[in-house]
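I have placed the structure first, in the form of structure tokens, so that the comments after it can refer back to it.
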Amino acid sequence: MFTTLVTLLSLSSLSLASTSPLLNHDFPDPSILLDSSGTYYAFATSLLSTSPQKNIQVASAPSPLGPWSYIETDPLPNPGSWTAGPGSLTWAPSVIQLSQNSYIMYYSGQLSGNNSAYHCIGAAKSTSPTGPYSPLSQPIACPLSLGGAIDPSGFYDPVSGDRFLVYKVDGNSIGHGGSCGNTVSPQISTPIILQPVAPDGMTFIGEKVTILDRTEEDGPLVEAPDLWYDEPTGTYVLFYSNHCWSEQGYSVNYATSKDLTGVYKRASKGSLIATGDGLGVVAPGGASAVVRVGGDNGKNRTSIVFHGNCPEGRCLFGVDINIGVS
Ligand SMILES: *[C@@H]1O[C@H](CO)[C@@H](O)[C@H](O)[C@H]1NC(C)=O
Ligand SMILES: *[C@@H]1O[C@H](CO)[C@@H](O)[C@H](O)[C@H]1NC(C)=O
């Protein structure tokens, strides 16, 4: 007899009560790090409308659900000589901790000159989670003919002990128009790539694999990948966003696999968080998962942070999620 295992994600009813932003700042494309000190750090896309401008934003908290404190320093004062420089569009950072005083930030840097319509993936090192991070002199992933690359996210696989980078090939940047530049035929693919990296977090080793790509139901794109391993169910969960970030259809979705390299199966119930659902967040996207140590009664929980529309722009939200098997 065959048993079908389906991993179901749902939002914790505890968190459903609170749907207001955790930080009243424009803080798009957040990612979360649990530092070895026990402090949580969230990182977000550049803020160029303020003086001084920030290439990357950072905030800290004792728990993913807050209270969050905005940190006024720019963790990435220089996005690298291969970018258009400080004050250019630096998007969707992700930070991993390699050891006690060793951190890597991945980010999407804007190219200069004739290539300024494109982004590529950079990496930068720091001895402190809040920086300053020093960039490498070259991007680590830059498939320009495919549209460049954005939305990097580091993943440590607890099963193999190996490190990976996931990112989006930014196909819609070379699309033919419409929503996010890619709803006019012929539509360009926006694959989500899984790239094995060495223990240094930056050296690419082994073959990259495409673990997801856009289909008709996604609109112009899939993007903002974030991988999570659920130990109790032995399941890899790939969070991603689809539709266009500037429209209400942007949403948080997930696909699951028993193997890291896939095949990732999309949730049959559709989006995890979307405009108009019970959570009440408009245009949610950019989810990033983390363990919430100690939970509410000493038992670890899984939380995600993500962004949603707010008066300031796109604010930080967070909820607990339940991962179950039926
Ligand atoms: C940028 O494009 C223009 C027009 O195609 C060309 O003349 C120029 O050489 C290019 N610059 C660089 C740095 O490639
Ligand atoms: C809770 O999570 C922390 C951080 O990952 C881990 O060190 C700890 O062992 C976990 N506790 C339990 C009871 O699983």
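Quick note on numbering: the sequence shown equals residues -17 to -1, 1 to 309 in mature numbering (1 follows the signal peptide of the UniProt record, and there is no 0).
Every residue, glycine too, gets a C-beta built ideally from N, C-alpha and C.
Placement of the Cβ of residue 280 at a distance of 6 Å or more from every heavy atom of ligand 2 is found. Per the Cβ contact rule, the segment 249 to 269 is in contact with the segment 216 to 232 (3 or more Cβ pairs under 8 Å).
DSSP links residue 206 through a beta bridge to 224. For residue 92, the secondary structure class from DSSP, reduced to helix, strand or coil, is strand. Between ligand 2 and residue 220, a heavy atom-to-CB distance of less than 6 Å is absent. Classified as buried, residue 87 has 16 or more neighbouring CB atoms from the shown chains inside 10 Å of its CB. For the options 288, 48, 10 and 187, the alpha carbon positioned closest to that of residue 73 is the one of 10. For residue 203, the CB contacts under 6 Å within the same chain, skipping 5 residues up- and downstream, are 155, 162, 163, 165, 166 and 227 in chain order. For residue 179, the beta-bridge partners assigned by DSSP are 147. Sixteen is the threshold: when 16 or more other Cβ atoms of the shown chains lie within 10 Å of the Cβ of residue 29, as they do, the residue is buried. Contact check for residue 132 against residue 104 passes: the beta carbons are separated by less than 7 Å.
The alpha-carbon separation between residue 37 and residue 31 amounts to approximately 6 Å. Using a cutoff of 6 Å, the CB of residue 273 does not count as near ligand 2, since none of the ligand's heavy atoms is closer than that. For residue 78, the shortest C-beta to heavy atom distance toward ligand 2 is 6 Å or greater.
About 6 Å separates the beta carbon of residue 216 from that of residue 306, a gap short enough to meet the 8 Å contact definition. If you ignore the 5 residues before and after residue 111, its C-beta comes within less than 8 Å of the C-beta of 84 and 86, all in its own chain and listed in chain order. At a threshold of 6 Å, residue 98 does not count as near ligand 2, since its beta carbon sits no closer than that to any of the ligand's heavy atoms. With a threshold of 16 other beta carbon atoms within 10 Å, residue 102 meets it and is buried. Ranked by how close their Cα comes to the Cα of residue 207, the residues 271, 160 and 55 have 271 in first place.
Burial of residue 42 is indicated by the presence of at least 16 other C-beta atoms within 10 angstroms of its C-beta. Of the heavy atoms belonging to ligand 2, at least one sits nearer than 6 Å to the Cβ of residue 276. Following the DSSP letters along the chain, one finds residue 11 in no beta strand (DSSP E), marked with neither H nor E.
The secondary-structure analysis by DSSP pairs residue 292 across a beta bridge with 297. For residue 134, the enclosing beta strand (DSSP E) starts and ends at 132 to 140. Taking all protein chains shown into account, residue 91 has 16 or more neighbouring C-beta atoms within 10 Å of its C-beta and is therefore buried.
The beta carbon of residue 100 sits closer than 7 Å to those of 156, all from its chain and outside the five residues before and after it, given in chain order. Using a Cβ distance threshold of 7 Å, residue 178 and residue 129 do not count as a contacting pair. Contact between residue 39 and residue 18 does not hold, since their C-beta atoms are separated by about 16 Å, which reaches or exceeds 8 Å. A direct Cα-to-Cα measurement between residue 183 and residue 81 gives close to 7 Å.
Under the three-state reduction of DSSP output, residue 163 falls in the helix class.
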